[in-house]
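So in my numbering, the last one in the sequence shown is 1315, and the numbering has no gaps at all. Taking it in order: structure first as structure tokens, then the write-up.
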Amino acid sequence: MDLDDIDPAYWIEHMTYYELPFGYRQENKTAVDLMVRTLKNPDIFGPSVTEVPRRQCVRCAVVGSGGVLKGSKRGTEIDSHDYVFRVNRAHIQEKFAEDVGQKISFYSFYPESHHRQDPNLAVSDSLQLYIPFKSFDIDYMAAWLTERRIVTLVTKSSRHNFPLNPNVNETTVKVFHPDFIRYAFSRYLNTSRASRPTTGFLTVILALQLCDHVSVYGFGYDARFPLYYFDDPRHWTMEDMKTSAHNHMDEQNTWKTLHEEGIIYWYNGQNETLDPDAFT
1036 MDLDDIDPAY
1046 WIEHMTYYEL
1056 PFGYRQENKT
1066 AVDLMVRTLK
1076 NPDIFGPSVT
1086 EVPRRQCVRC
1096 AVVGSGGVLK
1106 GSKRGTEIDS
1116 HDYVFRVNRA
1126 HIQEKFAEDV
1136 GQKISFYSFY
1146 PESHHRQDPN
1156 LAVSDSLQLY
1166 IPFKSFDIDY
1176 MAAWLTERRI
1186 VTLVTKSSRH
1196 NFPLNPNVNE
1206 TTVKVFHPDF
1216 IRYAFSRYLN
1226 TSRASRPTTG
1236 FLTVILALQL
1246 CDHVSVYGFG
1256 YDARFPLYYF
1266 DDPRHWTMED
1276 MKTSAHNHMD
1286 EQNTWKTLHE
1296 EGIIYWYNGQ
1306 NETLDPDAFT
């Protein structure tokens, strides 16, 4: 998002038709204004990324947290890409590096998913791609960017604080546009079976807009593997798929289709090692 999106006329005509995350109907425009006006680099390519000379064929990896990566030894392959996107609870400590790599260029998150336990993630110069899914998410980021203040999420039964890493600031943060979220959802998924796409799904579709070749790792359902690659022995069950605002199987079918059509490379635990020379 940028300043054009909060122009009063444009706001009324284009930004308030849908509710979050697909629009800002019934949202506090003052909070949205604060969030957007504070950003110093609203363009997706900030200085830390544009310092890298653009190759003829830009290769990007999008890395999720799926257990399919545990023991995969794909870390070097992942880090060989020009840019690496990571999402939510990305663990890039040394003990996971062999499987998932450590390079990070873009990091996608929302308040509850922001990862504060990995010091490597906290000090990286990656661009922070923020996805507001609900009203709280707007107030949360506006308060952080303007006052470095953490807003408490209050529910019927509990209160939660979600501290942010120091590298989340007005220079590194980019906000997903609701039109893009709506496009990704309606263009690629069955909208009658889910209320919104996952953070990872949105990040892959974004990478497809920015990169010439996209490799996808750590996504998809497979009962052979644990839920996450980081120290979680629990395996997926069908109940995991049902109790969610997302349709994980629909998203997995999208990865499968895009892989078969040669639009992305999707690592599913059985693929051969990706040959980087095939995309030069």
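Backbone N, C-alpha and C fix where the C-beta goes; we use that ideal spot for every residue, glycine too.
Any 3 or more C-beta pairs closer than 8 angstroms across the stretch 1251-1258 and the stretch 1293-1303
yes
Excluding five sequence neighbours on each side, which residues of the same chain lie with their C-beta closer than 6 angstroms to the C-beta of ASN1225?
Taking the first residue of the sequence shown as 1, we reach residue 1225 at position 190. So the qualifying residues of the chain are ASP1285.
Limits of the unbroken alpha helix (DSSP H) element including ARG1072
Taking the first residue of the sequence shown as position 1, residue 1072 is located at position 37. Here the alpha helix (DSSP H) through ARG1072 covers 1064-1073.
Hey, how far is the Cα of TYR1059 from the Cα of ASP1214?
As a working mapping, residue 1059 is identified with position 24 in the sequence shown. As a working mapping, residue 1214 is identified with position 179 in the sequence shown. Between TYR1059 and ASP1214, the C-alpha separation is close to 10 angstroms.
Check each candidate in GLN1128, PHE1120, PRO1201 and VAL1203 and name the one with the smallest Cα separation from PHE1236.
Here residue 1236 refers to the residue found at position 201 when the sequence shown is read from its first residue. Taking only the C-alpha atoms, the option nearest PHE1236 is PHE1120.
Would you call TYR1118 buried or exposed, if buried means 16 or more other Cβ atoms sit within 10 Å of its Cβ?
For the purposes of this step, residue 1118 is identified with residue 83 of the sequence shown, where counting begins at 1. Buried: at least 16 other Cβ atoms inside 10 Å.
Along the chain, where does the alpha helix (DSSP H) that runs through VAL1158 open and close?
Locating residue 1158 in the sequence shown gives position 123, counting from the first residue. Note, VAL1158: alpha helix (DSSP H), 1154-1158.
Just the Cα atoms here: how many angstroms apart are PRO1268 and LEU1038?
For this step, residue 1268 is matched to residue 233 along the sequence shown. For this step, residue 1038 is matched to residue 3 along the sequence shown. Spanning the two alpha carbons is a distance of roughly 45 angstroms.
Opening and closing residue of the alpha helix (DSSP H) in which LEU1038 lies:
To locate residue 1038, count along the sequence shown from 1; it is residue 3. Unbroken run through LEU1038: none, as it is neither H nor E.
Check whether GLN1163 and THR1207 have beta carbons under 8 angstroms apart:
What you label residue 1163 is simply residue 128 of the sequence shown in a count that begins at 1. What you label residue 1207 is simply residue 172 of the sequence shown in a count that begins at 1. Contact: yes.
Do ALA1132 and HIS1116 count as a contact pair if the criterion is CB distance below 8 angstroms?
As a position in the sequence shown, residue 1116 is number 81, starting the count at 1. As a position in the sequence shown, residue 1132 is number 97, starting the count at 1. No, the Cβ-Cβ distance between HIS1116 and ALA1132 is not below 8 angstroms.
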